[in-house]
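Q: By UniProt numbering, the letter at position 234 of the sequence shown is numbered 234, and the numbering carries on one by one without gaps.
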Amino acid sequence: MKILHLTPDLNFAIKFVLPIAEIQSADGNQVTICTHSNEYQTSAQAFESIRLEYHQIRFIKLNLKFQLNAFVYFRLVISLVRELRLIEPDVIISHTSLDSFIPLIVSRFATNAKLVYFNHGVPFLGYDFPLRVVFKFIEFINLRIAHLTLTIGESMRACLAPLASNHKRVVFVPPGSACGIRLITSDYEQIVKMRKETRHARGISNDERVVVYVGRPVKRKGYFDLLEAWDAFKDKNNYRLILVGPAEADMIRLDKRLSSNVHFLGYQSDPTPFYLIADVLCIPSHHEGLGYCYIEASAAGCVPICSKIPGPTDFVKHGETGMTCRTGDLRSIADSISVVLADKQLRERLARNAFLHALSYERTSLAPKISSAIQQ
Numbered sequence: 001m002k003i004l005h006l007t008p009d010l011n012f013a014i015k016f017v018l019p020i021a022e023i024q025s026a027d028g029n030q031v032t033i034c035t036h037s038n039e040y041q042t043s044a045q046a047f048e049s050i051r052l053e054y055h056q057i058r059f060i061k062l063n064l065k066f067q068l069n070a071f072v073y074f075r076l077v078i079s080l081v082r083e084l085r086l087i088e089p090d091v092i093i094s095h096t097s098l099d100s101f102i103p104l105i106v107s108r109f110a111t112n113a114k115l116v117y118f119n120h121g122v123p124f125l126g127y128d129f130p131l132r133v134v135f136k137f138i139e140f141i142n143l144r145i146a147h148l149t150l151t152i153g154e155s156m157r158a159c160l161a162p163l164a165s166n167h168k169r170v171v172f173v174p175p176g177s178a179c180g181i182r183l184i185t186s187d188y189e190q191i192v193k194m195r196k197e198t199r200h201a202r203g204i205s206n207d208e209r210v211v212v213y214v215g216r217p218v219k220r221k222g223y224f225d226l227l228e229a230w231d232a233f234k235d236k237n238n239y240r241l242i243l244v245g246p247a248e249a250d251m252i253r254l255d256k257r258l259s260s261n262v263h264f265l266g267y268q269s270d271p272t273p274f275y276l277i278a279d280v281l282c283i284p285s286h287h288e289g290l291g292y293c294y295i296e297a298s299a300a301g302c303v304p305i306c307s308k309i310p311g312p313t314d315f316v317k318h319g320e321t322g323m324t325c326r327t328g329d330l331r332s333i334a335d336s337i338s339v340v341l342a343d344k345q346l347r348e349r350l351a352r353n354a355f356l357h358a359l360s361y362e363r364t365s366l367a368p369k370i371s372s373a374i375q376q
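(1) Please report how far the alpha carbon of aspartate 207 lies from the alpha carbon of asparagine 238, in whole angstroms.
(2) Rounded to the nearest angstrom, what separates valine 31 and tyrosine 54 at their Cα positions?
(3) Counting beta carbon pairs with one atom in the region 257-269 and one in the region 277-291, are three or more of them shorter than 8 Å?
(4) Of all the options Lys221, Asp231, Phe129, which has the alpha carbon lying nearest to the alpha carbon of glycine 245?
(5) For glutamate 362 and glycine 180, what's the separation of their Cα atoms in angstroms?
(6) Per DSSP, which residues does phenylalanine 264 bridge with? Please list them.
(7) Look up threonine 364 in the DSSP assignment and say whether it is helix, strand or coil.
(8) In chain order, what residues of the same chain have a beta carbon less than 7 Å from the beta carbon of valine 316, not counting five sequence neighbours either side?
(9) What's the C-alpha gap between alanine 26 and arginine 331?
(10) Arginine 108 CB to nearest chain B CB: under 8 Å?
(11) Taking three-plus beta-carbon pairs below 8 Å as touching, is the region 64-75 in contact with the region 84-92?
(12) Can you tell me which of Arg132, Pro123, Ile145 puts its alpha carbon nearest to the alpha carbon of serine 155?
(13) Taking only runs that begin and end inside the region 82-154, name each unbroken alpha helix (DSSP H) of 4 or more residues, in chain order.
(14) How far does the alpha helix (DSSP H) with leucine 356 in it extend, from its first residue to its last?
(15) Does the separation of the CB atoms of valine 280 and valine 211 fall below 8 Å?
(16) Residues in its own chain within less than 7 Å of isoleucine 204 by CB, not counting five upstream and five downstream?
(17) Since lysine 168 is in the beta strand (DSSP E), which residue starts that stretch and which ends it?
(18) Give the range of the alpha helix (DSSP H) segment to which proline 19 is assigned.
(19) Quick check on the burial criterion: 16 or more other C-beta atoms within 10 angstroms. Buried or exposed for glycine 28?
(20) On the DSSP bridge assignment, give the partners of histidine 5 in chain order.
(21) Given a cut-off of 8 Å, decide if valine 116 and residue 393 are closer than it, judged by their beta-carbon atoms.
(22) When the Cβ atoms of the region 101-118 are set against those of the region 130-146, are three or more pairs found closer than 8 Å?
(23) Taking the alpha-carbon positions, what's the glutamine 268 to glutamate 320 distance?
(24) Give the straight-line distance between the Cα atoms of serine 371 and threonine 364, rounded to the nearest whole angstrom.
(25) Please state the DSSP three-state secondary structure of lysine 61.
(26) Output the distance between the C-alpha atoms of phenylalanine 12 and proline 175, rounded to the nearest integer angstrom.
(27) Considering only their Cβ atoms, is the gap separating isoleucine 191 from leucine 300 smaller than 8 Å?
(28) Taking only the alpha-carbon atoms, compute the straight-line gap between lysine 61 and aspartate 99 and give it to the nearest angstrom.
(29) From the DSSP output, in three-state form, read off tyrosine 54 for me.
(30) Taking only the alpha-carbon atoms, compute the straight-line gap between arginine 216 and glutamate 48 and give it to the nearest angstrom.
(31) Helix, strand or coil, according to DSSP, for cysteine 179 in the structure here?
(32) Can you give me the Cβ contacts of tyrosine 127 inside the same chain, cut-off strictly under 7 Å, excluding the 5 residues immediately before and after it?
(33) Is any heavy atom of the ligand FMN found at a distance shorter than 7 Å from the C-beta of serine 269?
(34) From this set, Gly121, Leu226, Ile93, Leu80, which residue's C-alpha is nearest isoleucine 333's C-alpha?
(35) Thinking C-beta only, is alanine 249 closer than 8 Å to phenylalanine 16?
(36) Could you spell out the range, first to last residue, of the beta strand (DSSP E) harbouring threonine 324?
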């Protein structure tokens, strides 16, 4: 069987698509991934190294991200049609909401392939009129064109199913996610030991409390809300806020002066060491698909804090596997952080519960089930 994945960029493909594509290839399928470089992996050498590492999978370099420049996008669509005719895929899997809109339409008219819309989140949930209407319309079209919609959790399925012509064609593989996560270990006591060793190696004492943010410095992720909420802790010398993703240049663009206990680390290809040193992961997003960072942090013994929104709350249960806060509410964000950092017993209970819950997202058991769901 010939399987084609349409993905927005290389970083996305590596993290969320390759684990499934490898299984499909191992099952004897001819797998092609259509993707493009991004700001983290831009060089031709980086792209070529991925091709060499995953030599059993064919990579096509084509930028299918939605663009407002109609002329440029039209040329890209022509290139896609050319590739579709060359590959003649039996199954086309188009990833993400906005970036699937035109490719799904083109694929419907240019091929006889089974079309799978792999939804990684529902953007319209985080917007007001008029963008909410536009994004909802895009979801409506994606769902109606695709023969099958696979999404990443129960919350997303509940949002999408009413828009589909047949709600049974909108599915997810429990407990959710696009491909699961790689566990550091399945032994919680081993995680506790690793956390102590990692903190010691980085010079973090036992009485220091660390909060980590992992993601882009954008409003949607609640980045600015977190920085404002952190004012409540700016005078606490034993508290640290570590920002993984945002760089020093992002600090310069801010209108406010930040306290000395805020640290910008820039992009990190592997955030695991920062989960291991942190007591809390706080990403108070305005909207989110599932939020793999919450699961990955939990697998490292870190307590997740998220906004009370569809998606992350599939995993983060308030007072059980983490804490939730009200979206955009600075006091609520600060209070959630404060409660966890101030109460050692609560922190340890939440960390253990979150870790045990994260075990059910283990990739080697979940990814094959997702691959099977696609090819049913």
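The beta-carbon is built from N, C-alpha and C at its ideal position, and this holds for glycine as well.
This structure is a prediction, so every number in the text was calculated from the model and none was measured.
A: On the basis of the data shown:
(1) Aspartate 207 and asparagine 238: Cα-Cα distance of roughly 7 Å.
(2) Rounded to whole angstroms, valine 31 to tyrosine 54 spans 11 Å at the Cα level.
(3) Here the region 277-291 does not lie against the region 257-269, with fewer than 3 beta-carbon pairs under 8 Å apart.
(4) Lys221
(5) 5 Å
(6) Leu243
(7) For threonine 364, the secondary structure class from DSSP, reduced to helix, strand or coil, is helix.
(8) Tyr294, Pro304, Cys306, Gly322, Thr324
(9) 50 Å
(10) Here there is only one protein chain, and chain B is not present.
(11) no
(12) Pro123
(13) 101-110, 131-145
(14) 344-358
(15) yes
(16) Contacts found: Val210, Ile277.
(17) DSSP places lysine 168 in no beta strand (DSSP E); its state is neither H nor E.
(18) 18-26
(19) exposed
(20) Ile33, Ile93
(21) The requested residue 393 does not occur in the structure, where the chain is confined to residues 1 to 376.
(22) yes
(23) 29 Å
(24) 11 Å
(25) strand
(26) 21 Å
(27) Here residue 300 turns out to be alanine, not leucine, going by the sequence shown. Yes, the pair counts as a contact, with Cβ atoms nearer than the cut-off.
(28) 15 Å
(29) coil
(30) 26 Å
(31) Reduced to three states, the DSSP call for cysteine 179 is coil.
(32) Phe135
(33) As for the ligand FMN, it is missing from this structure, which has no ligand bound.
(34) Looking at the Cα atoms, Leu226 is the closest of the given residues.
(35) no
(36) 323-325
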